[in-house]
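Novice: One structure, as structure tokens, below. Some questions next.
Number of protein chains: 2
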Amino acid sequence: MKIAVLFGAQSFEHEISVVSAIALKKVLKSEIVYIFCDYERNFYLIPTDKITSKRFSSGEYKKDKALHVKQGGFYAKKMLGEEQISFDVMINLVHGRDGEDGKLSALLDFFGIPYIGPRMEACSISYNKLFTKLYAKEVGVNVLPYQLLHKGSNEAISIAYPFIVKPLRLGSSIGIGIVKEEKELAYALDVAFEFDDTVLIEPFISGVKEYNLAGCKTDSFTFSIIEEPQKEAFLDFDKKYLDFSRTKRVNEASLEVTLEKEIQTSFIKLYDPLFLGALIRCDFFVIDGVVYLNEINPVPGSMANYLFDDFDGVIKRLVNYLPHTTTVTKEYRYINSIQAAKGK
Amino acid sequence: MKIAVLFGAQSFEHEISVVSAIALKKVLKSEIVYIFCDYERNFYLIPTDKITSKRFSSGEYKKDKALHVKQGGFYAKKMLGEEQISFDVMINLVHGRDGEDGKLSALLDFFGIPYIGPRMEACSISYNKLFTKLYAKEVGVNVLPYQLLHKGSNEAISIAYPFIVKPLRLGSSIGIGIVKEEKELAYALDVAFEFDDTVLIEPFISGVKEYNLAGCKTDSFTFSIIEEPQKEAFLDFDKKYLDFSRTKRVNEASLEVTLEKEIQTSFIKLYDPLFLGALIRCDFFVIDGVVYLNEINPVPGSMANYLFDDFDGVIKRLVNYLPHTTTVTKEYRYINSIQAAKGK
Numbered sequence: 001m002k003i004a005v006l007f008g009a010q011s012f013e014h015e016i017s018v019v020s021a022i023a024l025k026k027v028l029k030s031e032i033v034y035i036f037c038d039y040e041r042n043f044y045l046i047p048t049d050k051i052t053s054k055r056f057s058s059g060e061y062k063k064d065k066a067l068h069v070k071q072g073g074f075y076a077k078k079m080l081g082e083e084q085i086s087f088d089v090m091i092n093l094v095h096g097r098d099g100e101d102g103k104l105s106a107l108l109d110f111f112g113i114p115y116i117g118p119r120m121e122a123c124s125i126s127y128n129k130l131f132t133k134l135y136a137k138e139v140g141v142n143v144l145p146y147q148l149l150h151k152g153s154n155e156a157i158s159i160a161y162p163f164i165v166k167p168l169r170l171g172s173s174i175g176i177g178i179v180k181e182e183k184e185l186a187y188a189l190d191v192a193f194e195f196d197d198t199v200l201i202e203p204f205i206s207g208v209k210e211y212n213l214a215g216c217k218t219d220s221f222t223f224s225i226i227e228e229p230q231k232e233a234f235l236d237f238d239k240k241y242l243d244f245s246r247t248k249r250v251n252e253a254s255l256e257v258t259l260e261k262e263i264q265t266s267f268i269k270l271y272d273p274l275f276l277g278a279l280i281r282c283d284f285f286v287i288d289g290v291v292y293l294n295e296i297n298p299v300p301g302s303m304a305n306y307l308f309d310d311f312d313g314v315i316k317r318l319v320n321y322l323p324h325t326t327t328v329t330k331e332y333r334y335i336n337s338i339q340a341a342k343g344k
Numbered sequence: 001m002k003i004a005v006l007f008g009a010q011s012f013e014h015e016i017s018v019v020s021a022i023a024l025k026k027v028l029k030s031e032i033v034y035i036f037c038d039y040e041r042n043f044y045l046i047p048t049d050k051i052t053s054k055r056f057s058s059g060e061y062k063k064d065k066a067l068h069v070k071q072g073g074f075y076a077k078k079m080l081g082e083e084q085i086s087f088d089v090m091i092n093l094v095h096g097r098d099g100e101d102g103k104l105s106a107l108l109d110f111f112g113i114p115y116i117g118p119r120m121e122a123c124s125i126s127y128n129k130l131f132t133k134l135y136a137k138e139v140g141v142n143v144l145p146y147q148l149l150h151k152g153s154n155e156a157i158s159i160a161y162p163f164i165v166k167p168l169r170l171g172s173s174i175g176i177g178i179v180k181e182e183k184e185l186a187y188a189l190d191v192a193f194e195f196d197d198t199v200l201i202e203p204f205i206s207g208v209k210e211y212n213l214a215g216c217k218t219d220s221f222t223f224s225i226i227e228e229p230q231k232e233a234f235l236d237f238d239k240k241y242l243d244f245s246r247t248k249r250v251n252e253a254s255l256e257v258t259l260e261k262e263i264q265t266s267f268i269k270l271y272d273p274l275f276l277g278a279l280i281r282c283d284f285f286v287i288d289g290v291v292y293l294n295e296i297n298p299v300p301g302s303m304a305n306y307l308f309d310d311f312d313g314v315i316k317r318l319v320n321y322l323p324h325t326t327t328v329t330k331e332y333r334y335i336n337s338i339q340a341a342k343g344k
């Protein structure tokens, strides 16, 4: 099997995606075709032996083959005509904007390119923290209370200190700040409003237990181990960045069986059917024995490979369970009947 | 100003889009550039004087100039190289799949093409009837009670007869059926499940008053007149189809001023900021003096031009108020610092 890995793009997490892509080289046993999307959203075919972070930071990738996308796949220009880049399936490995907001999913669906990754609708729900809350509540998964603040408004805050301020969209802790008292508020809001016109506030619970679970659905659900991520206060962007290059298995959290089951049940409620076709990681809080969703990562760093015993096997299985949309039959029934009525 | 109209695409409402596009020719005073997306999602530049429904149903459009999309716009191949199709803004006039589900919005955003139409996130909310309900409730607009049914499950129905069965996604009444008693249920479900694996059921209220309001936000809100659509039982696809070719002003519904204001207030709550950049039509029910959202049409048939006094003026104003996303600065800060630490 030939797997294309799509990475980079116009995202604040562009660099994380580059690091994720390099990490996959060590854990995927299939032949990999690397397709890089640069900050300007131009596509390049990167030879697998040239996959180093420096190739991108230096701009050397521009010497590689430029690609364009159209019906059926990615193509490179040739002297005469063009050639299609051959692969069986693509992994969307773009984190943040373009990859997790749904743009690339839409593009791949529109052009009929099979891919592992969240579909557009799933992205819209997980990328927007308000929609994630509404959705989680609807499917019966607990979330922390929240309040939205809009840029330029003077809304009173009804959540007690300490709380977390988050841009409504984006992932990877970008623009997020903990506010312990009023004097820290203005700065935290300034930072968060740089990334979005709406921010979400939720209580900050010191020392809360966090558990990460990744998985996907094929003929049944495949779950990773549950990890309790190491953190100081909370994981900031720099630490998460380093985290994303991981390819080694981590230690399993020691959990009561009932709690483990509850975390898995919450994952299933969130996943099925919205995230079909994707391998996602859900991050949960456990407070007084109750499970709460923190966030859904529909394109987790390095695909959370370090949480699986047989990551390569999971990917190969998932390829056979990608969702398909109902077919639209080409027809001009109404137009033809009007034409006929007109006697033309 | 040169306005490109994008229409057609792989949608059950493809034909409606063709009719909508033809209707716009009569009401837009600007020069129009017609870009057709066929059922196979190939793009063509259609000369404005050849815009007749027969050109598409006969397949003659294939003689027109084939286009491809990439960074910056749509391009046609020339003997040597290619030429960009010039226009100032594009109107997304694709109804249903591709146009209202967010795929084309994503494509246009990804390739940096300015357009009038709902953004991807707005599409995901309005295209999925469950998400529309959750969103409307969140912003303080009433919705009818509902229940979801999943294909293959044997869920008990808790909503009393008569009720309406709707595929979870899609618009324009496709796949929708009224169920008055149990013996009509199986057939209605069969039809709806042909279009989606999930269907939504809501009470059918005979003789309910329906009011349609279109509008958009520029420096302030511009509203159309409020129309009370004519209907028998409820508007089916055939009638809606004919409806979409309308270019004549309709009669304003006679409403109490307070009710008119309440409908406009509900529209504002739904529109701002999610639908910025789009001219949408919201369809409301009024039951015992209370306003309920029925549905949001983010790409209404023929852009609801027949509801506006000065449709051309509204479009020209809206062009100056299209939303912009925050810029992602190209940088390789993390990768460079790692490179530096390695002493390379």
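Those sequence lines, one after another, are chains A and B. Residue numbering for the first sequence follows UniProt numbering, beginning at 1 and increasing consecutively. Residue numbering for the second sequence follows UniProt numbering, beginning at 1 and increasing consecutively. Cβ atoms here follow ideal geometry from the backbone N, Cα and C, with glycine treated the same way.
How many angstroms separate the CA atom of Asn-128(B) from the CA atom of Glu-227(A)?
Specialist: Here residue 128(B) corresponds to residue number 128 of the second sequence, with the count starting at 1. Here residue 227(A) corresponds to residue number 227 of the first sequence, with the count starting at 1. Taking C-alpha positions only, Asn-128(B) is separated from Glu-227(A) by approximately 34 Å.
Novice: Between Val-179(A) and His-95(B), what straight-line distance do the alpha-carbon atoms span, to the nearest angstrom?
Specialist: What you label residue 179(A) is simply residue 179 of the first sequence in a count that begins at 1. What you label residue 95(B) is simply residue 95 of the second sequence in a count that begins at 1. Whole-angstrom Cα-Cα distance: 45 Å.
Novice: Would you say the region 78–85 of chain B touches the region 7–19 of chain B, given that touching needs at least three Cβ pairs under 8 Å?
Specialist: no
Novice: Please work out which residues of its chain come closer than 8 Å, Cβ to Cβ, to Glu-181(B), disregarding the five sequence neighbours upstream and downstream, and give them in chain order.
Specialist: Here residue 181(B) refers to the residue found at position 181 when the second sequence is read from its first residue. Taken in chain order, the residues that qualify are Tyr-161, Pro-162.
Novice: With distances taken Cα to Cα, identify the nearest neighbour of Lys-63(B) among Phe-195(B), Lys-78(B), Pro-47(B).
Specialist: The residue labelled residue 63(B) in the question sits at position 63 within the second sequence. The residue with the shortest Cα to Cα distance from Lys-63(B) is Pro-47(B).
Novice: Counting Cβ pairs, one atom from each stretch, are 3 or more of them under 8 Å apart for the region 306–316 of chain A and the region 211–228 of chain A?
Specialist: yes
Novice: From the beta carbon of Phe-7(B), is the nearest beta carbon of chain A less than 8 Å away?
Specialist: The residue you call residue 7(B) lines up with position 7 of the second sequence. Phe-7(B) does not count as touching chain A.
Novice: Spell out the partners DSSP gives Thr-222(B) in its beta bridges.
Specialist: The residue you call residue 222(B) lines up with position 222 of the second sequence. According to DSSP, residue pairing for Thr-222(B) in a beta bridge involves Cys-216(B).
Novice: Output, in sequence order along the chain, the residues in the region 33–66 of chain B whose CB is closer than 9 Å to any CB in chain E.
Specialist: Any reference to chain E falls outside this structure, whose protein chains are A and B.
Novice: The alpha helix (DSSP H) spanning Lys-103(B) covers which residue range?
Specialist: If you number the second sequence from 1, residue 103(B) lands on position 103. Residues 103–110.
Novice: Excluding sequence positions up to five away, which residues of its chain have a Cβ less than 8 Å from the Cβ of Ala-233(A)?
Specialist: Counting from one through the first sequence, the residue named residue 233(A) turns up at place 233. Low confidence applies here, because Ala-233(A) scores a pLDDT of 44, under 50, leaving its location unreliable; read the following figure in that light. Within the same chain, Ala-233(A) has close Cβ partners Ile-178.
Novice: Flag this pair as touching only if the region 277–285 of chain A and the region 185–195 of chain A have three or more C-beta atom pairs under 8 Å; answer yes or no.
Specialist: Counting Cβ pairs under 8 Å, fewer than three are found: no touch.
Novice: What's the C-alpha gap between Asp-101(A) and Ile-268(A)?
Specialist: As a working mapping, residue 101(A) is identified with position 101 in the first sequence. As a working mapping, residue 268(A) is identified with position 268 in the first sequence. Using only the alpha carbons, I get a separation of about 21 Å.
Novice: Give, in chain order, every residue of the region 70–93 of chain B whose Cβ lies closer than 9 Å to some Cβ of chain A.
Specialist: Lys-70, Gln-71
Novice: Using a Cβ-Cβ cut-off of less than 8 Å, give me the residues of the region 96–107 of chain B that come near chain A, in sequence order.
Specialist: Within the region 96–107 of chain B, those residues whose Cβ lies closer than 8 Å to any Cβ of chain A are, in chain order, Arg-97, Asp-98, Asp-101, Gly-102, Lys-103, Leu-104, Ser-105, Ala-106, Leu-107.
Novice: Shortest alpha-carbon distance to Asn-154(A) belongs to which of Ala-186(A), Cys-123(A), Tyr-135(A), Leu-134(A)?
Specialist: In the first sequence, the residue the question calls residue 154(A) occupies position 154. Of Ala-186(A), Cys-123(A), Tyr-135(A), Leu-134(A), the residue nearest in Cα terms is Ala-186(A).
Novice: Which parts of the region 280–333 of chain B are runs of the alpha helix (DSSP H), unbroken and 4 residues or longer, counting only runs that do not cross its ends?
Specialist: 311–318
Novice: What does Tyr-321(B) touch in chain A if you count any residue whose Cβ is under 8 Å from its own?
Specialist: In the second sequence, the residue the question calls residue 321(B) occupies position 321. Ordered by position in chain A, no residue passes the 8 Å Cβ test against Tyr-321(B), which lies about 14 Å from the chain.
Novice: Is Val-89(A) buried or exposed, if buried means 16 or more other CB atoms sit within 10 Å of its CB?
Specialist: Counted from its first residue, the first sequence places residue 89(A) at position 89. With 16 or more Cβ atoms within 10 Å of its Cβ, Val-89(A) is classed as buried.
Novice: Any idea what DSSP makes of residue 351(A), helix, strand or coil?
Specialist: What is shown of chain A runs 1 to 344, which leaves residue 351(A) out entirely.
Novice: Give the C-beta separation of Ile-174(A) and Ile-164(A) to the nearest angstrom, bearing in mind that I take them to be a contact with Cβ-Cβ under 8 Å.
Specialist: The sequence position of residue 174(A) within the first sequence is 174, counting from 1. The sequence position of residue 164(A) within the first sequence is 164, counting from 1. The Cβ separation is near 13 Å, so there is no contact.
Novice: Quick check: the region 316–335 of chain B against the region 208–219 of chain B, are there 3 or more CB pairs under 8 Å?
Specialist: yes
Novice: Count the other CB atoms, across all protein chains shown, that sit within 10 Å of the CB of Val-257(A); report buried if there are 16 or more and exposed otherwise.
Specialist: Position 257 of the first sequence, counted from the start, is the residue given in the question as residue 257(A). With fewer than 16 other beta carbons inside 10 angstroms of its own, Val-257(A) counts as exposed.
Novice: Just the chain A side, please: which residues come within less than 7 Å of Asp-219(B) by C-beta, in chain order?
Specialist: Here residue 219(B) refers to the residue found at position 219 when the second sequence is read from its first residue. The contacting residues do not exist; Asp-219(B) stays about 15 Å from chain A at best.
Novice: Need the endpoints of the alpha helix (DSSP H) that His-14(A) sits in, please.
Specialist: Position 14 of the first sequence, counted from the start, is the residue given in the question as residue 14(A). Looking at the DSSP string, the run of the alpha helix (DSSP H) that includes His-14(A) is 14–27.
Novice: If the cut-off is 9 Å on Cβ atoms, which residues from the region 264–278 of chain B count as contacting chain A, listed in chain order?
Specialist: Pro-273
Novice: Considering only C-alpha positions, which residue in the set Arg-281(A), Ala-340(A), Gly-72(A) is nearest to Glu-210(A)?
Specialist: Here residue 210(A) refers to the residue found at position 210 when the first sequence is read from its first residue. Among Arg-281(A), Ala-340(A), Gly-72(A), the Cα nearest to that of Glu-210(A) belongs to Arg-281(A).
Novice: Evaluate Gly-289(A) with the Cβ neighbour count: other Cβ atoms within 10 Å of its Cβ, from every protein chain shown; 16 or more gives buried, anything less gives exposed.
Specialist: By one-based count along the first sequence, residue 289(A) stands at place 289. Burial call: exposed.
Novice: Using a Cβ-Cβ cut-off of less than 9 Å, list which residues of the region 288–303 of chain B approach chain A; keep chain order.
Specialist: Result list empty, no residue passes.
Novice: Just verifying my parser: in three-state terms, what is the DSSP assignment at Lys-77(B)?
Specialist: By one-based count along the second sequence, residue 77(B) stands at place 77. Look at Lys-77(B) here: in three-state DSSP terms it is strand.
Novice: Along chain A, which residues have their Cβ under 8 Å away from the Cβ of Thr-326(B)?
Specialist: By 1-based counting over the second sequence, the position of residue 326(B) is 326. Near Thr-326(B) (Cβ distances below 8 Å), the residues of chain A are Glu-194, Phe-195, Asp-196.
Novice: Pairing CB atoms from the region 19–34 of chain A with CB atoms from the region 105–124 of chain A, are three or more of them under 8 Å?
Specialist: no
Novice: If we ignore side chains and look at the alpha-carbon of each, how far apart do Tyr-34(B) and Gly-8(B) end up?
Specialist: Against the second sequence, residue 34(B) aligns to sequence position 34. Against the second sequence, residue 8(B) aligns to sequence position 8. Rounded to whole angstroms, the gap between the alpha carbons of Tyr-34(B) and Gly-8(B) is 11 Å.
Novice: Between Val-141(A) and chain B, is any beta-carbon pair separated by less than 8 Å?
Specialist: Within the first sequence, the letter at position 141 stands for residue 141(A). No, Val-141(A) does not count as interfacial toward chain B.
Novice: Per the DSSP calculation, His-68(B) is bridged to which residue(s)?
Specialist: Here residue 68(B) refers to the residue found at position 68 of the second sequence. For His-68(B), which the question treats as bridged, DSSP gives the partners Tyr-75(B).
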